[in-house]
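Numbering-wise, our numbering puts 1303 at position 84 of the sequence shown, and it's gapless, one number per residue. Only one structure is covered here, and it is reproduced in the block below.
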Amino acid sequence: MKNLITSGLLLFTLLSSVVGFTSCSNLDVEQPTLSDQEKATLQFMREEEKLAHDVYQYFYEKYRLNIFGNIASSEQTHMDAVLAIMVKYGVADVASNQKGVFNNITLQKLYNDLIAKGEISLANALTVGATIEDLDIKDLNDGIAATTNVDIDNLYEKLKCGSKNHMRAFTSQLSVEGVSYLPQFISKDQFSEIINGAHQQCGRL
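This is how it looks when you write it as structure tokens:
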């Protein structure tokens, strides 16, 4: 009889352990999957941030103006932040390690055109900088509107915050050169809000 009681208690303990383990496992949250559009947008943003980095680095080496070097460093941080999310969700990184080389044909042509324009003068190079940030903000607006993923939304909001700071810096420097920049991609209202706003702390990427 004693053996039966002991066996019963042992069985109860084992069953309790299994139930407890199952309950804990059910609490594990599955990582959400990304849509094809979300994956493609991450890949595009990774290369668009690379375009900004490569263009600014090129112009820093040509003009030795600190604004290009400083913002190029910031763009490297942006590139790394996008890559971190891509790695987390298993999205393939198609960005090249070579300067000025892009997998996306549209971005490759844009890079070539912007470099050619910026080589003409410093004012042109600064206008190129404002143009890149203008386009970047527009694409980030679109990316935010098209995702329901919290990680991606937070990433894009922080990238947009940084791009707004860069836009303010470039338009301010253009003013020194006696040049005004008119937005080509974002609305006039959003542009006005950006350039009239203060420098923002965008949080850690």
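Just so it is clear, CB atoms sit at the ideal spot from N, CA and C, and this is done for glycine as well. Here the structure is a predicted model, which is why all the values come from computation and not from measurement.
For residue 1413, which of 1380, 1403 and 1371 has the nearest alpha-carbon? Ranking the options by Cα distance to residue 1413, first place goes to 1380.
Grab me the residues of residue 1291's own chain with a C-beta within less than 7 Å of its C-beta, minus the 5 sequence neighbours each way, in chain order. Counting only Cβ-Cβ distances below 7 Å, and skipping sequence neighbours, we find 1272, 1275, 1276 and 1279.
With distance defined between alpha-carbon atoms, name the residue in 1307, 1264 and 1312 nearest to residue 1297. The residue with the shortest Cα to Cα distance from residue 1297 is 1264.
Candidates 1345, 1424, 1362 and 1369: which alpha carbon is nearest residue 1260's? The candidate whose alpha carbon is nearest that of residue 1260 is 1362.
Starting from the Cα of residue 1282, find the closest Cα among 1373, 1366, 1368 and 1342 and give me that residue. Answer by Cα proximity: 1342.
Suppose only complete runs of 4+ residues qualify. What are the alpha helix (DSSP H) ranges in the stretch 1241-1290, listed by chain order? Within the stretch 1241-1290, the complete alpha helix (DSSP H) segments of 4 residues or longer fall at 1255-1282, listed in chain order.
For residue 1173, three-class secondary structure by DSSP: This structure cannot settle anything about residue 1173, because the visible part of the chain is limited to 1220 through 1424.
Taking a contact to mean a Cβ-Cβ separation below 8 Å, would you say residue 1357 touches residue 1410 in this structure? For the 8 Å CB-CB criterion, residue 1357 and residue 1410 do not form a contact.
Whole-angstrom distance between residue 1286 and residue 1416, CA atom to CA atom: Going from the Cα of residue 1416 to the Cα of residue 1286 covers about 19 Å.
Start and end residues, alpha helix (DSSP H) containing residue 1321: If you look at residue 1321, you'll find it isn't in any alpha helix (DSSP H); DSSP assigns it neither H nor E.
In this structure, how does DSSP classify residue 1312 when only helix, strand and coil are distinguished? Residue 1312 sits in coil when the DSSP states are folded into three classes, being neither helix nor strand.
Three-state secondary structure (DSSP) of residue 1421: Residue 1421 falls in the coil class under three-state DSSP.
Quick one: what does DSSP say residue 1405 is sitting in, helix, strand or coil? Residue 1405 falls in the coil class under three-state DSSP.
Assess contact between the stretch 1249-1258 and the stretch 1299-1312, defined as three or more Cβ pairs (one per stretch) separated by less than 8 Å. Is contact present? Yes, they touch.
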